[in-house]
Structures are given as structure tokens and as C-alpha cells.
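Engineer: Please see the structure below; I have some questions.
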Amino acid sequence: MNPFEKILRPPEVERIVDISARRGMRSSRGGVGLSSARRREIDRVRRMMDTSSAILMSVVRSYPNLDSIDRFYLDLLDSLADRNKLKHSLGALSWASTTIRKIKREIISSLRQTSDPVEMERLRNMAIARMNSILRRIEPEINYLRDIYSELRKIPDIRTDIPCVILSGMPNTGKSSITQRISTGKPEVAPYPFTTKGLLLGHMDLGNFRMAQVIDTPGLLDRPLNRRNKLELQAITALKNLPGIILFVLDPTETCGYSVREQMNVLRDISKTFSEKGLIVVLNKKDIW
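Residue numbering for the sequence shown follows my numbering, starting at 138 and increasing by one per position.
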């Protein structure tokens with residue numbers, strides 16, 4: 138299943154500052170006198186900085202361990218984002234969260250040692266300034282995580298622990314019809330990188346409580362691979378990491394709009410790319426031969 142399904146999108150820096158400041162001021166305690174003033178300022182600083190720190194850390198913890206996810210999903214990640222930049226960005230947010238909490242402890246310690254209301258206000262303003270400075274420092278990393286959020290969330294839920302029947306072949310050769318025919322239930326459309334239609338996902342009942350996935354790949358395995366850019370190829374080769382076979386659908390009638398020679402060229406490409414997988418060629422449209 139998609140390991141990025143539950144990731145969180147970090148708020149913009151301005152939003153983090155606003156949320157933190159509001160929570161800090163809202164929690165201010167009443168009372169009069171020096172002791173009450175000190176408690177009030179300590180409470181403001183604690184709530185404000187705990188809030189910003191927690192927002193950052195919640196984003197970091199929502200991501201899976203990138204070193205332990207399945208190779209299929211890792212390849213998809215590489216087609217959509219820069220893995221090293223993602224790791225760096227998560228590390229930056231983790232550092233900022235820890236640093237903000239450290240500053241909070243320092244400021245609170247100083248607040249406990251002063252009896253001057255003016256100094257208390259100065260320390261609180263210092264806490265705000267230092268927190269803002271740290272958030273501004275990691276703003277590029279926050280923006281990067283915001284940018285890739287939607288694409289990672291749209292990665293399809295494909296099980297990597299059961300066999301797959303991956304259909305390929307040029308457009309209009311009848312792949313979707315075969316997918317619907319051999320699937321136990323109605324296939325579902327799932328988004329996939331660099332496709333406009335998404336994948337068509339179905340399931341086959343193999344008996345004895347065994348299942349297989351049926352995957353139609355419109356827009357992916359339907360034209361020569363030498364016309365693809367590097368990221369498209371990455372999304373295609375991710376399919377190599379799924380267990381199962383390739384089913385290549387060939388239309389000998391050429392009513393699909395492509396000659397048999399053109400279809401055979403695509404078949405050779407796919408056979409070479411997926412050389413470690415079993416490959417079955419299906420001659421379709423027998424009713425009009």
C-alpha cells in the first residue's frame with residue numbers, strides 16, 4: 138500500500154508563526170503581581186514554542202522510513218521527487234523542532250531568574266524572534282515538502298506481496314476489455330505518475346484463498362521507450378519490482394491504428410526492459426480476424 142498515504146503537508150511559515158503566536162497569547166494566565174506575570178510569560182513562551190515545534194515534528198513523523206519502504210514505491214518516489222532533497226528537508230524540520238524546544242528551555246530558565254517585568258517582555262520577544270528566524274531558515278525545505286505532497290499522496294495502492302498480471306500493448310488493442318474480463322470485480326482507476334488516465338486495477342481469484350492483481354497501464358507500456366524522458370522511464374521501470382508477469386496484447390487486425398510491425402517494436406522494448414519477468418503475448422480481436 139502507498140507508504141505516503143498519510144503524510145502531512147506542512148503549513149506555510151507565516152501560518153506556523155500565526156498559529157503559534159495565537160496559542161501562546163490565548164493561554165495567558167490571569168492574576169496580578171510579579172509571580173503571576175512571570176508565570177504568564179513562561180506559559181506564553183512554552184505554548185508558543187511547543188506549538189511550532191510540534192507542527193514541524195508531526196510532519197516528519199508522518200513520513201515512512203525511506204530506507205525501509207518497498208523498492209517499487211522507492212522507484213516511484215524517485216520519479217516524482219528528489220529522494221536526497223526529501224531526506225534533507227525532513228532532517229531540516231527535525232533540527233528546527235529540536236532547536237526551538239532548546240531555545241524554549243533557555244528562555245524559560247532566564248524568565249525564572251528575573252524579577253523585572255520589562256526583562257520578561259524582552260525575553261518573550263526574543264523567543265518569538267529566534268523562533269521566527271529558525272522557521273525562516275528552513276522555509277525552502279518547508280516549501281519543497283509542500284510542493285511534493287500532492288504527488289506523493291496520489292501514488293496508487295498496489296500490493297507488493299501478491300502476484301501481478303501487468304497488461305501492456307499499444308492503444309486500442311483491447312487491454313482494458315481483457316482487464317475487465319479476467320477481473321473478479323469491477324476494476325478501479327488509480328492515479329499513476331506520467332499517465333493521464335491512471336492505472337486500471339482489478340483482482341483475480343486464483344482459488345485456495347489466493348489472489349492476483351490485474352494492472353492495465355494506459356499511457357505507460359504502449360509506445361517505444363526511446364520516446365520517454367528519464368523520469369517517465371523511472372515510473373515504468375518501477376513496475377519491474379512487482380511480482381508477476383507481463384501480458385502483451387497484440388492486435389493482428391491492425392484496427393487499433395498501429396501496424397503489426399509497430400506493435401512488435403514495442404513488444405521488443407518491453408521484452409528487453411522486463412527481461413526478468415515472464416512475458417505472454419495475447420492475440421486479441423479474434424472475432425474480426
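Glycine included, every Cβ here is placed at the ideal spot set by N, Cα and C.
These figures come from a predicted structure and were not determined experimentally.
Would you mind listing the beta strand (DSSP E) stretches within the segment 315-392 that are 3+ residues and don't spill past its ends, in chain order?
Structural biologist: Fully enclosed beta strand (DSSP E) runs of 3 or longer: 325-327, 336-344, 347-353, 381-387.
Engineer: Curious, which full-length alpha helix (DSSP H) runs of at least 4 residues does the segment 263-324 contain?
Structural biologist: Qualifying alpha helix (DSSP H) stretches, in chain order: 276-290, 312-319.
Engineer: Would you kindly work out how many angstroms separate the C-alpha atoms of ILE356 and SER270, rounded to a whole number?
Structural biologist: Here residue 356 turns out to be Gly, not Ile, going by the sequence shown. The alpha-carbon atoms of GLY356 and SER270 are separated by roughly 46 Å.
Engineer: Whose CA, out of SER195, ALA372, ASN262, ARG183, lies closest to the CA of LEU282?
Structural biologist: The residue with the shortest Cα to Cα distance from LEU282 is SER195.
Engineer: If you run the structure through DSSP and keep just helix, strand and coil, what is ILE417?
Structural biologist: Residue state, collapsed to three classes: strand.
Engineer: Counting only the same chain and skipping the five closest in sequence on each side, list residues whose C-beta sits under 7 Å from that of LYS370.
Structural biologist: Here residue 370 turns out to be Leu, not Lys, going by the sequence shown. LEU362, listed in sequence order.
Engineer: Keeping to the same chain, check which residues put their C-beta closer than 8 Å to that of LYS334; ignore five residues upstream and five downstream.
Structural biologist: Contacts found: VAL326, PRO355, GLY356.
Engineer: Between the beta-carbon of MET222 and the beta-carbon of ARG183, is there less than 8 Å?
Structural biologist: The sequence shown places Lys at residue 222, rather than the Met named in the question. Cβ atoms of LYS222 and ARG183: not closer than 8 Å.
Engineer: For ARG163, tell me which candidate among GLY381, ARG318, MET185 has the shortest Cα-Cα distance.
Structural biologist: Of the candidates GLY381, ARG318, MET185, the one whose C-alpha sits nearest the C-alpha of ARG163 is MET185.
Engineer: Just the Cα atoms here: how many angstroms apart are PRO394 and ASN402?
Structural biologist: The question names Pro, but residue 394 in the sequence shown is Gly. Approximately 15 Å, taken between the alpha carbons.
Engineer: Within 10 angstroms of the Cβ of THR392, are there 16 or more other Cβ atoms? Answer buried if so, exposed if not.
Structural biologist: It is exposed - the Cβ of THR392 has fewer than 16 other Cβ atoms within 10 Å.
Engineer: So, for PRO98: in the same chain, excluding its five sequence neighbours on each side, which residues have a beta-carbon less than 7 Å away from its beta-carbon?
Structural biologist: Nothing can be reported for residue 98, as the shown portion of the chain is limited to 138 through 426.
Engineer: Decide yes or no for the touch test of the segment 295-309 against the segment 377-393: beta carbon pairs closer than 8 Å, at least 3 of them.
Structural biologist: Yes, they touch.
Engineer: Apart from the five residues on each side of it in sequence, which residues of its chain come closer than 7 Å, Cβ to Cβ, to LEU217?
Structural biologist: For LEU217, where only same-chain residues beyond five positions count, the Cβ hits under 7 Å are ILE285, GLU288, LEU289, PRO330.
Engineer: Where does LEU193 fall in DSSP's three states?
Structural biologist: Helix at LEU193.
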